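Numbering (the working numbering), first residue to last: 43 to 375.
Working notes, beginning with the structure itself.
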Ligand code: KDG
């Protein structure tokens, strides 16, 4: 009888304190290096709305923009130590944590968004997400950073030799460093948050990013030429700290997974719908945009092939073979 009474008091106490863990209000901080008017902003807004609706307001997702909580790598380390809940980050700066992520940096790996989605939303994405859990990161979805194009202040890039001597900022990633050094550029690794001022002071000549990032980060103010190379497709990871994830109820975990997928569909939709408008904005801002002749793009692809061999061991031959097999399946080869 005494035990029943004690149990009843404990339950009443919990209810007085707002019920069980499930009933707790949770503030979930999610950071990113781009500005809120980037399509990542649309994805976060959709994910936040979904989480609030499904949890009756208990799960409050709050976005932090422009690297306010640190760059991609710094924020991701905060997740691993359990001091921040979420980050939307490119895969590229994280290769020091999980070398297998480098497969997405291999030049000219995928041809279009259809192939990218099929890889990321299928067994390749599942495999990489499983590996991420092993390093303390729960990946809830793959969003779109997009196809990367080269900008610089010195000359249009018409063929790979035009990169010669150009000081090109690249993400902190040996594969990007190698890809651009292999083209003759002076590749400079740098966190995203430092790029605009480095371009403005001419500490570097150029950088490479998707149209939407070039547009929303106002790089046309400090760049003259945009050359459509589409030399790599970068995914965004929507990461949750595993330390903090494991403290969530199964119900809240399921809600956040569902809402990250709803956010993904909105973010990809806006990213693709914004591409033409971003390119128009870049042109209107005065940048000179050049396409590259198919024959010259093919020469760039051939020139870049050595990068695959040099980084296969670091990435993991098994990962590269898995991705290439999936690409053959997707292409019906
Ligand atoms: O947090 C934003 C970055 O992940 C993204 O813009 C990275 O493409 C990127 C770059 O060039 O650093």
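Ideal Cβ placement from N, Cα and C applies to all residues, glycine included.
What you are looking at is a predicted structure, and each value in this text was computed from that prediction instead of being measured.
Considered as a whole, the segment 153-228 harbours 155-162, 165-175, 216-223 as its complete alpha helix (DSSP H) runs of no fewer than 4 residues, in chain order. Residue nearest to residue 313 within the set 78, 242, 82 is 82 (criterion: CA-CA distance). The closest heavy atom of ligand 1 lies less than 7 Å from the beta carbon of residue 131. For residue 131, the enclosing beta strand (DSSP E) has its first and last residue at 128-132. Secondary structure note for residue 70: its beta strand (DSSP E) is the uninterrupted segment 68-73.
Leaving aside the five residues that flank residue 130 on each side, the residues in its chain whose CB is nearer than 8 Å to its CB run, in chain order, 72, 73, 74, 82, 85, 86, 185, 278, 279, 280, 281.
Non-local C-beta neighbours of residue 211 in its own chain, meaning closer than 6 Å and more than five positions away in sequence, comprise 230, 232, 237, 246, 249, ordered along the chain.
As the crow flies, the alpha-carbon of residue 338 is around 15 Å from that of residue 192. Cβ-Cβ separation between residue 346 and residue 221: approximately 6 Å, consistent with a contact (criterion under 8 Å). Under DSSP, residue 102 shares a beta bridge with 69.
Taking 7 Å as the cut-off, one finds at least one heavy atom of ligand 1 near enough to the beta carbon of residue 251. By the criterion of at least three beta-carbon pairs nearer than 8 Å, the segment 91-108 is not in contact with the segment 198-212. Shortest Cα-Cα distance from residue 103 to any of 298, 284, 226 involves 298. Sixteen is the threshold: since fewer than 16 other Cβ atoms of the shown chains lie within 10 Å of the Cβ of residue 243, the residue is exposed. Annotated three-state conformation of residue 77 is coil, per DSSP. Beta-bridge partners of residue 282 (DSSP): 128, 180.
Taking every protein chain shown into account, the CB of residue 271 has 16 or more other CB atoms within 10 angstroms, so this residue is buried. The beta-bridge partner set that DSSP reports for residue 268 consists of 193, 331. Under the three-state reduction of DSSP, residue 141 is assigned to helix. In this structure, residue 213 has its beta carbon less than 7 Å from a heavy atom of ligand 1. Residue 375 carries a coil assignment under DSSP once its states are collapsed to helix, strand and coil.
Ligand 1 has no heavy atom closer than 7 Å to the beta-carbon of residue 79. Taken through DSSP and simplified to helix, strand or coil, residue 248 comes out as strand.
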